[in-house]
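Residue numbers (UniProt numbering): 1 to 512. Even for Gly, the Cβ is constructed at its ideal location relative to N, Cα and C.
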């Protein structure tokens, strides 16, 4: 995938899981509303409303008002905006680290604290804070209940008629609450992405991605795939830039663009489904609907509308994406590598000296913890593996480079290997790229002892200097996301030409 394709795929996948979390919040809200309805009905059942005096009726309505105020406050509090914004901003930062490792992008920058706090403390859904939105819904429901109770008191209608009216009022309240929770999670996802994108220079613009199906609004259908640069200037159209949600229940997503010149136009919901495996769809939508999505017998919209999303708690969302866990695991792993590194380094120094070799780049023998975290996250995302598996395949946290003489390269290499074996080290992998036409020439090995793996490279002084000089510059240029394919080919050929000038050590082809 190109960076733009990977960004879109990852952010849409995240959006689906945020919707799953919203379903768990919605379930809690609806349970609260249902309990509220039963309590209000119990309060009214058996009352002779037409025989009540004005003060008695007012007291009854005040009791119902207190029930609604209490429960709507609880509902408002169940939408934990601050924690969700914190988790989403942290996930974006870790995910960007993975993107940086995959595509050679600049180091990620966190969502600025001022913007994060603004979202946490003043997130607006339809121009209202969550507290204001639910307060308005409480007031609207109370007005309906008050009118229904007064009508029953004046008209003398029976309990069954009032109960039917109450159920209709609560049905409307439930619909409003569902719209609020859906729009709430969409607002958090898109606002957090917008502000985090502004903070990272490699994000060159934004694209509007709509879920295209029979239920998509005309405004979102028309905006699908549209692109704006970082300054909100439209690219090839005249639509004004807006951060979704565009309307209540909007399912659109704002995705980042790393290359404004890329022809990639985004994906539809159905395109996203085609990019998921059956197991991935069933994890998100359940066994039955996941199978139907995979078979193409149900649309993404219908799968969501039919309640096909498997709800997940915020903790489950965090565990799936390893947001709080990856740092802990990396900390533990890095501490382990750091503890054993001095002893390994002393062994390698002694072995190299005895073989007549020097060590190059020794100051960089220990990878940084931040670099380890980015690599682990990239492996988790790309290979769908666990933190444990990602850490177990990381072999270059500790790394060394032995500088051998060109004429005696093969003999020195064998001496070093023999000495490593004598000290209990195992050579688990050897990669020899010293052959004609190779852009990079060297010997890379993975060595293990007592469960700790590390990397050992073998170079001549000339190949080492080339690797860390012009060759590195060309390699970094080639990895940039906006480099045209023809330029990548040219850069590769220049690397091959430079490496071809290196003197080949005798018998190096025997190293395997």
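Cβ pair residue i, residue j closer than 7 Å
i: residue 258; j: residue 184; result: no
i: residue 459; j: residue 502; result: no
i: residue 289; j: residue 303; result: yes
i: residue 428; j: residue 448; result: yes
i: residue 63; j: residue 32; result: no
i: residue 73; j: residue 317; result: no
i: residue 26; j: residue 309; result: no
i: residue 487; j: residue 474; result: no
i: residue 190; j: residue 244; result: yes
i: residue 341; j: residue 298; result: no
i: residue 266; j: residue 207; result: yes
i: residue 406; j: residue 505; result: yes
i: residue 67; j: residue 29; result: no
i: residue 430; j: residue 395; result: no
i: residue 195; j: residue 115; result: yes
C-alpha gap between residue i and residue j, whole angstroms
i: residue 209; j: residue 84; result: 22 Å
i: residue 457; j: residue 108; result: 29 Å
i: residue 279; j: residue 13; result: 14 Å
i: residue 123; j: residue 216; result: 25 Å
i: residue 82; j: residue 120; result: 4 Å
i: residue 260; j: residue 204; result: 7 Å
i: residue 350; j: residue 320; result: 45 Å
i: residue 511; j: residue 366; result: 26 Å
i: residue 571; j: residue 255; result: Within the shown structure, residues of the chain are numbered from 1 to 512, placing residue 571 beyond reach of any answer.
i: residue 3; j: residue 137; result: 43 Å
i: residue 301; j: residue 23; result: 15 Å
i: residue 197; j: residue 464; result: 38 Å
i: residue 518; j: residue 479; result: Residue numbering for the chain in the displayed model covers 1 to 512; residue 518 lies beyond these limits and cannot be assessed.
i: residue 252; j: residue 220; result: 7 Å
i: residue 167; j: residue 6; result: 47 Å
i: residue 411; j: residue 507; result: 9 Å
i: residue 337; j: residue 451; result: 11 Å
i: residue 600; j: residue 141; result: In the structure as shown, the chain starts at 1 and stops at 512, and residue 600 therefore has no counterpart that could be examined.
i: residue 500; j: residue 335; result: 41 Å
Segment limits, beta strand (DSSP E) that includes residue i
i: residue 402; result: 399 to 403
i: residue 448; result: 443 to 449
i: residue 431; result: 426 to 432
is_contact[residue i, chain B] using C-beta, thresh 7 Å
i: residue 409; result: The question asks about chain B, but that chain is absent: this structure has only one protein chain.
Limits of the alpha helix (DSSP H) - the one that residue i falls within
i: residue 44; result: 3 to 44
i: residue 273; result: 269 to 274
i: residue 457; result: No alpha helix (DSSP H) holds residue 457; the beta strand (DSSP E) holding it covers 452 to 459.
i: residue 417; result: 409 to 422
i: residue 319; result: 314 to 321
i: residue 295; result: 287 to 295
i: residue 512; result: No alpha helix (DSSP H) holds residue 512; DSSP gives it neither H nor E.
i: residue 471; result: 470 to 479
i: residue 303; result: 300 to 305
i: residue 488; result: 485 to 500
Cβ shell of residue i (< 8 Å), same chain only, five flanking positions each side left out
i: residue 330; result: 369, 372, 373, 376, 391
i: residue 1; result: 9
Residues of its chain near residue i, where Cβ-Cβ distance is below 6 Å and the 5 sequence neighbours each way are ignored
i: residue 348; result: 400
i: residue 281; result: 290, 293, 294
i: residue 360; result: 401, 403, 464
i: residue 180; result: 133
Chain-order list of residues whose beta-carbon lies under 7 Å from that of residue i (same chain, five-residue window excluded)
i: residue 153; result: 49, 50, 52, 57
i: residue 96; result: 108, 200
i: residue 498; result: 466, 470, 471
i: residue 492; result: 439, 478
i: residue 15; result: 189, 253
Item to complete: Give, in chain order, every unbroken run of the alpha helix (DSSP H) that is at least 4 residues long and sits entirely within the region 75 to 154.
Response: 81 to 103, 113 to 122
Discussion item. So within the region 351 to 399, which uninterrupted beta strand (DSSP E) runs reach at least 3 residues, ignoring any that extend past its ends?
Written reply: 358 to 360
Worksheet item: Mind pulling the beta strand (DSSP E) runs of 3 or more residues that sit fully within the UniProt domain "Phage head morphogenesis" (145 to 254)?
Response: 205 to 209, 227 to 229
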